[in-house]
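The numbers in this note's numbering rise by one with no breaks, and the one at position 8 of the sequence shown is 9. Note that CB positions come from ideal geometry on N, CA and C, so glycine has one too.
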Amino acid sequence: MDRSFDFILAGIALIVGIMLLTGHGDIFLKGGNTKLRKEKYDEKKMTKGSGVTLILFGIVTFVDSYTTSLTAKFIYILAILAILVGFVVYLKKKCIKK
2 MDRSFDFILA GIALIVGIML LTGHGDIFLK GGNTKLRKEK YDEKKMTKGS
52 GVTLILFGIV TFVDSYTTSL TAKFIYILAI LAILVGFVVY LKKKCIKK
């Protein structure tokens, strides 16, 4: 199987994640009902959390591109799910304005 798609996906996730983490990637969070989102969530915390999540996705995808066993693919899926659950919990617990 060709690994170039995995490298491209990991690279894009890392670049966008770093942009979000440094505060230069707000454009990636635009869309939908932004007025409701701005009233409900702390934008700065949400951007940082999204950046960390994308960096973790990039790292996990990069590591997965070097594995071939079925067990490693299963662990990859579990890691992605764990990162997503962690991100949702972070959004619900830490990013909501009081």
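One or two residues paired with residue i in a DSSP bridge
| i | result |
| --- | --- |
| I97 | Y42 |
Alpha helix (DSSP H) segment containing residue i, residue limits
| i | result |
| --- | --- |
| L10 | S5 to T23 |
Rounded separation between residue i and residue j - CA only
| i | j | result |
| --- | --- | --- |
| V89 | K95 | 10 Å |
| S51 | A80 | 16 Å |
| L21 | T69 | 31 Å |
| K31 | T48 | 11 Å |
| K54 | D7 | Residue 54 is actually Thr in this sequence, not Lys. In a straight line, the C-alpha of T54 is about 17 Å away from that of D7. |
| A11 | I60 | 7 Å |
| V17 | L85 | 17 Å |
| S5 | A83 | 25 Å |
Cβ of residue i within 8 Å of any chain C Cβ
| i | result |
| --- | --- |
| K94 | Absent from the structure: chain C. Only one protein chain is present. |
For the 8 Å Cβ check, are there 3 or more pairs between the segment 40-49 and the segment 59-67? Cβ pair count under 8 Å is below three, so no.
Three CB pairs or more closer than 8 Å across the segment 71-84 and the segment 17-34: no
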